[in-house]
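See structure below.
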Amino acid sequence: MSLFTSAAALTNKAVIPVFGLPVVGPALGRSMTVVTYTGRRSGAVFRLPVAYRRGTATSADGVPRDTVLIGVALPEKKTWWRNFTGSGGPLSLLLDGAERTGHAVATRAKKGSVSVRVVLDRVG
Numbered sequence: 011m012s013l014f015t016s017a018a019a020l021t022n023k024a025v026i027p028v029f030g031l032p033v034v035g036p037a038l039g040r041s042m043t044v045v046t047y048t049g050r051r052s053g054a055v056f057r058l059p060v061a062y063r064r065g066t067a068t069s070a071d072g073v074p075r076d077t078v079l080i081g082v083a084l085p086e087k088k089t090w091w092r093n094f095t096g097s098g099g100p101l102s103l104l105l106d107g108a109e110r111t112g113h114a115v116a117t118r119a120k121k122g123s124v125s126v127r128v129v130l131d132r133v134g
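Numbering (this note's numbering), first residue to last: 11 to 134.
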């Protein structure tokens, strides 16, 4: 395990509990969330904090759907987003204090940047 990977794992373990704090959690939740997903190959469940932006997109059936865009910083040093390449896969996000599920697809731009777009499942 590289120094970067070790430091990231330690940081993630320290940051995730902060989302549950009464004052700090909601403030932090405006720009950050906790992603939970199952690894394609390992089958292990992973949780990590990420920065995000919310949006809306129209689905194939013409219904507006909530979306979340996650920019992946230093994608060459991270592997989690690779679970969502191709046709993507399911994940959940902590949004407004509740777990929301959705389908995520990772894309790499020509210049190498990576983003993961999540179309959230409807609530109710």
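Glycine included, every Cβ here is placed at the ideal spot set by N, Cα and C.
Closest by C-alpha distance to residue i, when choosing among the options
i	options	result
D131	V44, W91, A67	A67
S97	V82, V115, A119, G81	V115
A83	P59, S12, P32, H113	P59
G122	G99, V78, S12, E86	E86
Alpha-carbon spacing of residue i relative to residue j, whole angstroms
i	j	result
S125	G53	23 Å
R51	N93	9 Å
In DSSP terms, what residue i is bridged to
i	result
G112	L101, L130
F56	Y47
A70	According to DSSP, which records beta bridges pairwise, A70 is partnered with nothing at all.
S125	G81, T117
Reduced DSSP category for residue i - H, G, I as helix; E, B as strand; rest coil
i	result
R92	helix
CB of residue i within 8 Å of CB of residue j, strictly
i	j	result
T43	L103	yes
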